[in-house]
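Chains as they are written, first to last, in my numbering: chain C, 833 to 1139; chain S, 35 to 269.
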């Protein structure tokens, strides 16, 4: 294609969009609405997976051995743990460490009551404490399976893990993704129809012109391109509106929610910053906008090209 | 230039429009195609533009084997000929100049070429002064002249005109016919499908008469002819 032809095509596309103002605005609105809903679900799902990931970095599973185990038996348990396929990291907590931890924990609570805290521990030593392993998992989604497997190792007394939270979050994430996929599909189909209808109006209004163009020897692409440009303009403007709206909304939510989130989670969990995902979002938006716009146009003009 | 070999056309509704047409039009000729409505005249014209395909037989136009041509090649065939229609078919939102220039734009011609060719073409049809006027501000005869200017702007070797005077009064009809005849004198082959008995009889050019899908008469310096008589002679 020559540059002057491209110029002509783009000019015509813009003019078409303008001549067809009302329907163009309606289509832009529909595209924007579809993308906004998609964007909200997308951002929720991104944050949830981020949350799941943050959780998986925290100790999520602890394996307690029988306190009566000898050192070589403990080593065997460690071996058994490492044999499991879902272990990212396993850290041993010795009896002494466990005892110290316990003492510290209790002292904190009793500081005001007990003047002589050490008396409490008279006659006790670390021997009653179990050796334990703090474990991080590769795939937190499978934590219940992994816990079951670890419990079967000889000498393991108990496996504790954050069953509720991780399981719940990964389930929510899964459903958010399914629902957003479902919604976006439906919304995109609707957007496709609306755009294609808008273009159909332009095409219909200009069917005589198309017919004339065919007779004086215009190629199909020469006729088609301005309409595709029209569709792309609608798609892109819709995407732009959606992006501005969603990022404004998200920024507000981020500021508000992060304050609380950081308090609750001791700074380990926070909202993903818009700057980190903005480019991805605008990229996805433009691709969807262009695709929906051009496919919609191609659909609607096909019929009129057969002369 | 244009050749029909044993062309048969049967429409999907069963109508047989052409029953074995053989026709050869050479370079530089001026030909009237005459016949009543439903004679197959329009089908013949449509085949030259590849608007219709023959059911059987071959059509050649400007060196293109039209009947077996790929759909994507059709624009290039149409660029190689100029076309004039009964209803002018001008773009209403473009000026006279733009309408003519548009035929060059679609061929991706150089802007320099366009600026040179369009005024020449408009001068040929005598509408230089109306270059910046919109079609709806022109009379029918003037609109048809714009259409002719557009058809000629790419210097086609062949000009096809389907009832070019069908919407015009006698005076304008004459103007248009004279213009087409002048175009022919400059070397362009001209094929005109028409009903205008008086014009055909006066101009004494080659006349091809079609009736019920067959060519019933083909004569140089012919007359429109009496169809009843034709039927008697040839059927």
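Beta carbons are placed, not taken as given, at the ideal position from N, Cα and C, and that holds for glycine.
As the structure is a computational prediction, the values presented were derived from the model and not from experiment.
For residue i, go through chain S and note every residue whose CB falls closer than 8 Å to its CB, in chain order.
| i | result |
| --- | --- |
| residue 1147(C) | What the structure shows of chain C is the stretch from 833 to 1139, and residue 1147(C) is not part of that stretch, so it cannot be assessed. |
| residue 834(C) | 142 |
To the nearest angstrom, how far is the alpha carbon of residue i from that of residue j?
| i | j | result |
| --- | --- | --- |
| residue 41(S) | residue 101(S) | 10 Å |
| residue 934(C) | residue 921(C) | 23 Å |
| residue 128(S) | residue 1083(C) | 49 Å |
| residue 1000(C) | residue 990(C) | 22 Å |
| residue 84(S) | residue 1114(C) | 46 Å |
| residue 1123(C) | residue 1063(C) | 9 Å |
| residue 1109(C) | residue 968(C) | 27 Å |
| residue 1043(C) | residue 1137(C) | 8 Å |
| residue 844(C) | residue 144(S) | 19 Å |
| residue 1035(C) | residue 1130(C) | 11 Å |
| residue 1089(C) | residue 875(C) | 14 Å |
| residue 842(C) | residue 1054(C) | 11 Å |
| residue 918(C) | residue 1071(C) | 41 Å |
| residue 80(S) | residue 1018(C) | 44 Å |
| residue 53(S) | residue 86(S) | 15 Å |
| residue 111(S) | residue 861(C) | 43 Å |
| residue 233(S) | residue 1050(C) | 33 Å |
| residue 255(S) | residue 249(S) | 16 Å |
| residue 986(C) | residue 1006(C) | 35 Å |
| residue 247(S) | residue 132(S) | 39 Å |
| residue 855(C) | residue 107(S) | 35 Å |
| residue 115(S) | residue 177(S) | 19 Å |
| residue 57(S) | residue 209(S) | 28 Å |
| residue 82(S) | residue 37(S) | 9 Å |
| residue 837(C) | residue 1104(C) | 45 Å |
| residue 1061(C) | residue 124(S) | 24 Å |
So with CB distances below 8 Å, who are the chain C contacts of residue i?
| i | result |
| --- | --- |
| residue 110(S) | 1049 |
| residue 117(S) | 1047 and 1048 |
| residue 125(S) | 1041 and 1044 |
Cβ closer than 7 Å: which chain S residues qualify as neighbours of residue i?
| i | result |
| --- | --- |
| residue 837(C) | 142 |
In chain C, which residues lie with their C-beta within 7 Å of the C-beta of residue i?
| i | result |
| --- | --- |
| residue 145(S) | 836 |
| residue 113(S) | 1049 |
On the criterion of 16 or more Cβ atoms from any shown chain inside 10 Å, does residue i qualify as buried, or is it exposed?
| i | result |
| --- | --- |
| residue 253(S) | exposed |
| residue 245(S) | buried |
| residue 109(S) | buried |
| residue 1056(C) | buried |
| residue 1046(C) | buried |
| residue 835(C) | exposed |
| residue 977(C) | exposed |
| residue 72(S) | exposed |
| residue 900(C) | exposed |
| residue 126(S) | exposed |
| residue 204(S) | exposed |
| residue 47(S) | exposed |
| residue 171(S) | exposed |
| residue 923(C) | exposed |
| residue 51(S) | buried |
| residue 207(S) | buried |
| residue 280(S) | The requested residue 280(S) does not occur in the structure, where chain S is confined to residues 35 to 269. |
For the stretch 1037-1063 of chain C, which residues have a beta carbon sitting closer than 7 Å to at least one beta carbon of chain S?
-> 1041, 1044, 1045, 1047, 1048, 1049, 1050, 1051 and 1054
So does the stretch 57-68 of chain S actually touch the stretch 223-230 of chain S, counting three or more Cβ pairs closer than 8 Å?
-> yes
Counting pairs of beta carbons, one from the stretch 142-162 of chain S and one from the stretch 1009-1022 of chain C, are three or more of them closer than 8 Å?
-> no
Where the stretch 166-186 of chain S meets chain C: residues whose CB sits under 9 Å from a CB there = 184 and 185
If contact means a Cβ-Cβ distance below 9 Å, which residues of the stretch 64-90 of chain S contact chain C?
-> 83 and 85
Determine contact between the stretch 862-870 of chain C and the stretch 1074-1085 of chain C, defined as no fewer than three beta-carbon pairs at a distance below 8 Å.
-> yes
The stretch 165-174 of chain S / the stretch 1019-1029 of chain C touching (three or more Cβ pairs under 8 Å) | no
Answer yes if the stretch 878-887 of chain C comes into contact with the stretch 955-964 of chain C, meaning at least three C-beta pairs across the two stretches below 8 Å, and no otherwise.
-> no
The stretch 188-199 of chain S contacting the stretch 113-123 of chain S, beta-carbon criterion three pairs below 8 Å = yes
Is there contact between the stretch 132-149 of chain S and the stretch 183-192 of chain S, where contact requires at least three CB pairs shorter than 8 Å?
-> yes
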